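Chains as they are written, first to last, in the numbering used here: chain A, 1 to 254; chain B, 1 to 156.
For reference, the structure is listed below as structure tokens.
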Amino acid sequence: MAYKPQYGPGTSIVAENRRKQMNPGQKLEKVRSVTDEDIVLILGHRAPGSAYPSAHPPLTEQQEPDCPMRKLVKPTEGAKAGDRVRYIQFADSMFNAPSQPYQRTYTEMYRFRGIDPGTLSGRQIVECRERDLEKYSKELIETEMFDPALVGIRGATVHGHSLRLAEDGMMFDMLQRNVLGEDGIVKYVKNQIGEPLDRAVAVGKPMDQNWLKAHTTIFHSLVGTPYRDDTEYIEYVQRIHSLRTKYGFMPKEE
Amino acid sequence: MMNAAFPQVRIVPIRMLKPQTAERLLNMLAGIAGIRRMMIHGPGLPKLVPYGPARGRPNPHSDRRAIQVGDAEIALRIQLGEVILEVEDASVIEEIRSRCDGFFVEFPYQLQEGRFMKTAPTLVDYAKYGPDADTTLIGLADPRNGESPVVIWTER
């Protein structure tokens with residue numbers, strides 16, 4: 001029988017969303033559209049329209065050693081062209097943000113190629129070749145994994161994911177990279193490391209509370225789905241915890 | 001040493017306040033008789049980018065601005081997350097509670113009683129300010145910042 005990954009346990013909507021994001025067979029809903037130039041501006045790694053700086057000559061011009069692994073693994077577009085390795089980093093609010101660091105890493109590992117994610121408690125960074133990064137970033141920003149108010153694209157100074165929201169519902173950002181305009185649209189006025197942009201980049205309207213609650217991948221007992229309500233999830237986590245605790249004693253399941 | 005028996009309360013709104021709302025809240029509190037000391041607390045909004053490749057560059061932020069409370073101007077450099085108050089007696093707490101109930105209508109808040117502010121100078125305060133320091137001002141301002149507390153005079 002062919003192996004079919006289950007992606008994760010749980011019966012709640014949060015568990016369902018986690019599985020949905022991780023499963024590469026499921027197409028993520030496109031919620032907003034951001035142009036390629038806007039993505040380049042927010043990332044701040046190169047000027048829009050400029051050529052991709054390279055770290056090494058394109059693979060076709062290089063003498064590749066005779067290696068069975070290289071024959072087996074097809075290089076990504078960025079690797080083929082010899083692009084630099086660059087990054088995008090996200091901070092996700094605990095108040096029903098659509099994704100969160102561990103979830104992002106799992107999702108990216110299932111969906112993208114040639115990436116190096118770094119997972120921390122309040123932020124998640126993913127590094128890859130610049131060309132690939134722009135493609136992946138577009139997907140991460142345009143789909144249901146992003147919310148303009150509760151997810152921040154923050155290369156540095158990420159503090160805010162666990163803080164109370166501001167009055168207007170925005171996650172705290174001491175560099176104020178994104179602002180909620182009078183028209184209700186969130187605009188990035190600085191790039192991800194906090195340098196002011198020449199023009200504001202609109203990333204759409206913040207999603208409403210019902211949408212967030214239905215699309216979040218974070219359990220929250222006060223504003224969302226409580227963890228203790230998902231008994232299957234708890235049972236699974238307790239089983240893993242028990243097994244790994246007993247591991248040193250040659251565990252045998254009873 | 002100060003009288004440690006003065007009650008202290010903390011106002012914690014469920015949302016962090018914008019400068020306009022903070023200004024209204026502080027003005028409302030400044031109108032209540034019997035508040036001895038007041039401290040505002042929250043995450044900082046630095047003038048310069050503190051970390052990363054852009055470290056040291058200016059950090060324009062619309063919430064870092066001066067607000068007018070009573071007759072004093074306060075240069076706000078935090079996003080207001082909570083207000084800590086030391087009051088004369090328990091009756092003032094009820095006055096604060098009733099005013100806050102009317103103020104926080106769009107989102108809830110909590111009023112907590114406890115010890116939130118220094119009531120006596122510590123060893124570091126002694127080293128920094130000496131033996132004759134004004135104990136009413138101890139613990140009200142960040143000693144590393146060099147800014148002193150603001151005195152608000154209200155008509156009684």
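Backbone N, C-alpha and C fix where the C-beta goes; we use that ideal spot for every residue, glycine too.
None of the values given here were measured: they were computed from a predicted structure.
Query raised in the report: For the beta strand (DSSP E) that contains N178/A, what are its first and last residues?
Result: N178 to L180
*asked:* Please report the straight-line C-alpha distance between V92/B and R10/B, rounded to a whole angstrom.
replied: Taking the straight line from one Cα to the other gives about 13 angstroms.
Check: Can you name, in chain order, every residue of its own chain whose Cβ lies under 7 angstroms from the Cβ of M39/B, other than the five neighbours on each side?
Finding: I84, M117 and L140
**Item:** Where the stretch 100–134 of chain A meets chain B: residues whose CB sits under 8 angstroms from a CB there
**Value:** none
- prompt: Buried or exposed: where does T154/B fall if 16 or more other Cβ atoms within 10 Å of its Cβ makes it buried?
  reply: exposed
Option nearest N191/A by Cα separation, candidates R113/A, M94/A, R46/A and G118/A: R46/A
Between which two residues does the beta strand (DSSP E) holding G78/A run?
Here G78/A belongs to no beta strand (DSSP E); instead the alpha helix (DSSP H) covers E77 to A81.
Exercise for review: Could you pull out every residue in the same chain whose Cβ sits closer than 7 angstroms to the Cβ of T76/A, ignoring the five residues on either side in sequence?
Suggested key: R113, G114, R129 and D132
Members of the stretch 178–200 of chain A that neighbour chain B once the beta carbon cut-off is set at 8 angstroms: V179, I193, G194, E195 and P196
inquiry  = Residues of chain B with CB closer than 7 angstroms to the CB of M174/A, please, in chain order.
reply    = P43, G44, L45 and P46
In chain A, what lies closer than 7 angstroms to L17/B by C-beta?
E167
- request: Determine whether the Cβ of G56/B lies closer than 8 angstroms to any Cβ atom of chain A.
  value: Output row for G56/B: interface = no.
May I have the straight-line CA-CA distance separating M170/A from L17/B, to the nearest angstrom?
The straight-line gap from Cα to Cα measures roughly 11 angstroms.
Touch test, the stretch 194–206 of chain A against the stretch 35–54 of chain B, Cβ-Cβ under 8 angstroms, three pairs minimum:
yes
*Residue closest to P101/A, alpha-carbon to alpha-carbon, out of V223/A, P5/A and Q21/A*: Q21/A
Item checked: Residue span of the beta strand (DSSP E) that contains Y188/A, given as start and end -> V186 to K190
- Task: Using a cut-off of 8 angstroms between C-beta atoms, extract the partners of G155/A located in chain B.
- Result: Ordered by position in chain B, the residues that pass the 8 angstroms Cβ test against G155/A are G52 and P53.
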